[in-house]
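See below for the structure under consideration.
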Amino acid sequence: VKSIKHHLVRQLGSAVLTFEELYTVLSRIEACLNSHPLCPLSTDPSDLNVLTPGHFLVSGSLTCLPDRDVSDVPTNRLRRWQLVTQLTQQIWQRWSREYMSQLQGRTKWESNKGPLIKKDMLVIIREPNLAPTQWRIGRIVELHLASDNVTRVITLKTERGQSTQAVRNLCPLPID
192 VKSIKHHLVR
202 QLGSAVLTFE
212 ELYTVLSRIE
222 ACLNSHPLCP
232 LSTDPSDLNV
242 LTPGHFLVSG
252 SLTCLPDRDV
262 SDVPTNRLRR
272 WQLVTQLTQQ
282 IWQRWSREYM
292 SQLQGRTKWE
302 SNKGPLIKKD
312 MLVIIREPNL
322 APTQWRIGRI
332 VELHLASDNV
342 TRVITLKTER
352 GQSTQAVRNL
362 CPLPID
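The sequence shown begins at 192 in the numbering used here and counts up one residue at a time.
See the structure below:
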């Protein structure tokens, strides 16, 4: 709750919402918070499923269809439903960006070895345009060492197949 309250107050600002609109915004934010990955569901390297807070609530992951992106539409042109959708999307973007930054430990000042990642580790892939409640997950297949023996690029296995990603775009799960 504390992690989202700051963003909620900043985004709502002086917006005047009815009870139903505020309830809808809060329900959608609750779904976003309960969809974030906590830890792998199994130790199987081919399994990309993760445990989320939603598993404790509904015995499975939370799913919902993404809304059309209205974050760039001027506020004075929005209908009430679009306003609710825009508020939810803006809060999601701010919160997920901050959450991912918290997960990415800043190891630069702690050691010269780079981030603490290893083979077969499950990670969250940073993608700025994902819809709320959507998280892109991948499993590290191979580490590519640079000339200074620091890993900056890795090969990942995702639901779309294998891809190469920069380490700066990856966040380890909070519980591994």
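Don't be surprised by glycine CBs; every beta carbon is placed ideally from N, CA and C.
Where residue i sits in the DSSP three-state scheme
i, result
"His227", "coil"
"Thr215", "helix"
"Thr324", "coil"
"Lys348", "strand"
"Leu294", "helix"
"Glu318", "coil"
"Ser354", "strand"
"Val275", "helix"
Expected contact under 8 Å - CB spacing of residue i and residue j to nearest Å
i, j, result
"Ile315", "His198", "About 19 Å separates the two Cβ atoms, so there is no contact after all."
"Leu229", "Ile328", "Actually they are not in contact, since the Cβ atoms of Leu229 and Ile328 sit about 12 Å apart, beyond 8 Å."
"His227", "Tyr290", "7 Å"
"Thr279", "Pro244", "The Cβ separation is near 18 Å, so there is no contact."
"Val275", "Glu212", "5 Å"
Residue i versus the options, residue with shortest Cα-Cα distance
i, options, result
"Glu318", "Gln356, Leu278, Pro244", "Gln356"
"Trp272", "Arg288, Leu307, Tyr214, Ile308", "Tyr214"
"Asn240", "Lys348, Leu203, Val358, Arg359", "Lys348"
"Arg359", "Ile195, Ile345, Gln353", "Ile345"
"Trp326", "Ser338, Leu313, Asn340, Val200", "Leu313"
"Leu224", "Ser205, Ser194, Glu211, Val207", "Ser194"
"Asn320", "Arg285, Leu217, Glu221", "Arg285"
"Cys362", "Ile331, Gln277, Thr209, Asn340", "Ile331"
"Ile220", "Asp235, Val207, Val200", "Val200"
"Asp311", "Pro231, Leu208, Leu203", "Pro231"
Interface flag, residue i vs chain D, CB-CB below 9 Å
i, result
"Ser292", "Chain labels in this structure do not include chain D; a single protein chain is all it has."
According to DSSP, residues forming a beta bridge with residue i
i, result
"Ser205", "Partner(s): none; Ser205 has no beta bridge."
"Val249", "Val249 is not bridged to any residue."
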